[in-house]
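Sequential numbering of the sequence shown, starting at 0, is according to numbering that gives the first Met the number 0. Report on one structure; see the data block that follows.
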Amino acid sequence: MSDLKELAKKLESLDDQIISCMKCGLCQPVCPIFNSTMQEADVARGKLALIDNLSKHILTDADELAEKLERCLMCGSCQAACPPGVEIMDIFMKAREVVFGYVGLSIIKKFIFRQMLAKTWLFNTAMRIGAPLSRLVFWKTNKDHGTYSAPLLSPIIGKRHVRPLPLTPLHVAVGAMDTKAGSSGIKVAFFSGCVGDKMYVDMSKACLKVLDHHGVGVYMPKSFPCCGLPAIVSGDADGVLKQLKPSLDLLMQGEFDYLITPCGSCTATLKEFWPKYAPRLSEEYGAYAKELEHKVMDINAFLINVLKIESKPTKAGAVKVTYHDSCHLRKSLGVISEPRKVIGLSGEYEFIEMANAEKCCGSGGSFSLAYHDISLDIGMRKRQDVTESGAEIVAMGCPACMIQIEDVLSQKGDKVRVKHTIELYAESLDK
Ligand code: SF4
Ligand code: SF4
Numbered sequence: 000m001s002d003l004k005e006l007a008k009k010l011e012s013l014d015d016q017i018i019s020c021m022k023c024g025l026c027q028p029v030c031p032i033f034n035s036t037m038q039e040a041d042v043a044r045g046k047l048a049l050i051d052n053l054s055k056h057i058l059t060d061a062d063e064l065a066e067k068l069e070r071c072l073m074c075g076s077c078q079a080a081c082p083p084g085v086e087i088m089d090i091f092m093k094a095r096e097v098v099f100g101y102v103g104l105s106i107i108k109k110f111i112f113r114q115m116l117a118k119t120w121l122f123n124t125a126m127r128i129g130a131p132l133s134r135l136v137f138w139k140t141n142k143d144h145g146t147y148s149a150p151l152l153s154p155i156i157g158k159r160h161v162r163p164l165p166l167t168p169l170h171v172a173v174g175a176m177d178t179k180a181g182s183s184g185i186k187v188a189f190f191s192g193c194v195g196d197k198m199y200v201d202m203s204k205a206c207l208k209v210l211d212h213h214g215v216g217v218y219m220p221k222s223f224p225c226c227g228l229p230a231i232v233s234g235d236a237d238g239v240l241k242q243l244k245p246s247l248d249l250l251m252q253g254e255f256d257y258l259i260t261p262c263g264s265c266t267a268t269l270k271e272f273w274p275k276y277a278p279r280l281s282e283e284y285g286a287y288a289k290e291l292e293h294k295v296m297d298i299n300a301f302l303i304n305v306l307k308i309e310s311k312p313t314k315a316g317a318v319k320v321t322y323h324d325s326c327h328l329r330k331s332l333g334v335i336s337e338p339r340k341v342i343g344l345s346g347e348y349e350f351i352e353m354a355n356a357e358k359c360c361g362s363g364g365s366f367s368l369a370y371h372d373i374s375l376d377i378g379m380r381k382r383q384d385v386t387e388s389g390a391e392i393v394a395m396g397c398p399a400c401m402i403q404i405e406d407v408l409s410q411k412g413d414k415v416r417v418k419h420t421i422e423l424y425a426e427s428l429d430k
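Structural data, given as structure tokens:
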């Protein structure tokens, strides 16, 4: 009981932020989970009330609060729609750390966050062994998308269709890079993200090709740890710090003007959360993360706003391409027009806006595993918008969204291909 009092006291520190909620309910219609479950506890207003009730001893079930907090995509749609600007994501992150600290993390999560995702040699070795072994349980299901399914793993991944893990990840195929600034006079650090290193390797190679084409020098250590987002959303500060320190150490060894990523989720984490966590390592790390905050940039924004690449007129017979907004890119970072402009750069593609492009696809990292049915339901709504657009390709700026949207299109046998915006631009450079 005394522990519960301690928990309530820690949650009380969020009072000043929660009090700005005027309970208007405008976060309800924009919440992708509410649109599937119709439960108030799934909406920001409901979650804020639960946190408040536990801090005031009206509720005493911390496990229930933990479960409700976990049922969230952290998509930020509620915050973007909130009239008084309640810092919902910040409150959720802080509450998760306090509540999951109280109810405890599973041994598996602790191992993944504090060991596997923090130690690149361990993660890389596990993937090197896992990639060929995965071919024993995954088999090709949809040749249009090149996706596989694994009925034997259905208790974990459901009926998901996913791309196989490549046998040669980016850190093996390309390795470390440290090239000088070319004609642009600019040098960037490139942070591919875990999915960019271990799954969508062609996407990462496309980014490097585009940077090289525009005379941009690249600093890329052989392998970065995870950006820390999975540990952050699980409230595991210890895991976050164990991943963050080696990343900052690697970056401190390089010289660069911008820190570029092709992943909306990584970009938002590096920019918004690293400066919040790094001071817990030391003052020096805190100051460095703060300095980096101004250098972190999504690769689409870099091409349009820094390199200022001009678009060419759309050619006759151009391929029709639509675009899905990653929640982190649009709602956290305000990167909205730039990826759309990247699609139009080469003149090879005709951009078509689809309905509800800004709505979440239901990916949410581990959310899609823990709440597969809700994630799939949200994904299927996105699939309908994609197919009704009439586009041949759906482009996006986040590999996590690529996994989710490719899955739902593949499951339904749709021919619409999934691409990163930078892949499209890189392919056009060969034409
Ligand atoms: S939109 Fe904002 S103010 Fe309105 S109920 Fe939701 S969290 Fe509260
Ligand atoms: S972050 Fe997204 S899923 Fe979570 S409560 Fe807000 S709108 Fe709903």
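Cβ coordinates follow ideal geometry from the N, Cα and C atoms, glycine included. Model, not experiment: these values are computed from the prediction.
Asked	Found
Quick check on the burial criterion: 16 or more other C-beta atoms within 10 angstroms. Buried or exposed for Met0?	The pLDDT assigned to Met0 is 46, lower than 50, so where the model puts this residue is not dependable, and the model offers no usable value.
Should Ile373 be counted as a contact of ligand 2 given a C-beta to heavy atom distance under 7 Å?	no
Should Arg339 be counted as a contact of ligand 1 given a C-beta to heavy atom distance under 7 Å?	no
Counting Cβ pairs closer than 8 Å, one from the segment 367–382 and one from the segment 153–164, do we hit at least three?	yes
Under the three-state reduction of DSSP, which class applies to Phe366: helix, strand or coil?	helix
Applying the criterion that 16 or more other CB atoms from any shown protein chain within 10 Å of the CB defines a buried residue, is Ser338 buried or exposed?	According to the sequence shown, residue 338 is Pro rather than Ser. It counts as buried.
On a CA-only basis, which of Met353, Ile87, Val42 and Gly195 is nearest Val320? Give me that one, please.	Met353
Please tell me whether, using a cut-off of 7 Å, the distance from the CB of Lys37 to the nearest non-hydrogen atom of ligand 2 is below it.	Residue identity check: residue 37 is Met in the sequence provided, not Lys. No, ligand 2 has no heavy atom inside 7 Å of this Cβ.
Considering only the alpha carbon of each residue, which of Ala175, Ile404 and Pro168 lies closest to Val417?	Ile404
Can you list, in chain order, the residues of its chain whose CB lies under 6 Å from that of Lys208, leaving out five sequence neighbours each side?	Ala425
Quick one: complete beta strand (DSSP E) runs, 3+ long, within the segment 146–184?	146–148
Taking the Cβ atom as the reference point for each residue, do Ala61 and Val102 lie within a distance shorter than 8 Å?	yes
Please work out which residues of its chain come closer than 8 Å, Cβ to Cβ, to Leu58, disregarding the five sequence neighbours upstream and downstream, and give them in chain order.	Leu49, Asn52 and Leu64
For Glu349, report the span of its beta strand (DSSP E) as first-last.	Tyr348 to Phe350
Is it the case that the Cβ atoms of Leu228 and Thr167 are separated by a distance below 8 Å?	no
For Arg279, count neighbouring C-beta atoms within 10 Å of its own C-beta (all shown protein chains included) and say buried if the count is 16 or more, exposed if not.	exposed
Can you give me the Cβ contacts of Arg70 inside the same chain, cut-off strictly under 7 Å, excluding the 5 residues immediately before and after it?	Ile32, Asp41 and Tyr370
May I have a chain-ordered list of the alpha helix (DSSP H) segments no shorter than 4 residues that lie completely inside the segment 44–107?	61–69, 76–80 and 87–102
Gly343 lies in the beta strand (DSSP E); which residues open and close that run?	No beta strand (DSSP E) holds Gly343; the alpha helix (DSSP H) holding it covers Ser336 to Gly343.
Could you pull the start and end residues of the beta strand (DSSP E) that Gly396 belongs to?	Element bounds for Gly396: n/a, residue is neither H nor E.
Pick helix, strand or coil for Lys118, following the three-state DSSP scheme.	coil
Sorted by chain position, which residues of the same chain lie with C-beta nearer than 8 Å to Ser182's C-beta, five sequence neighbours on each side aside?	His213 and Gly214
From Asp297 to His56, what distance separates their C-alpha atoms?	43 Å
The beta strand (DSSP E) spanning Ile259 covers which residue range?	Tyr257 to Thr260
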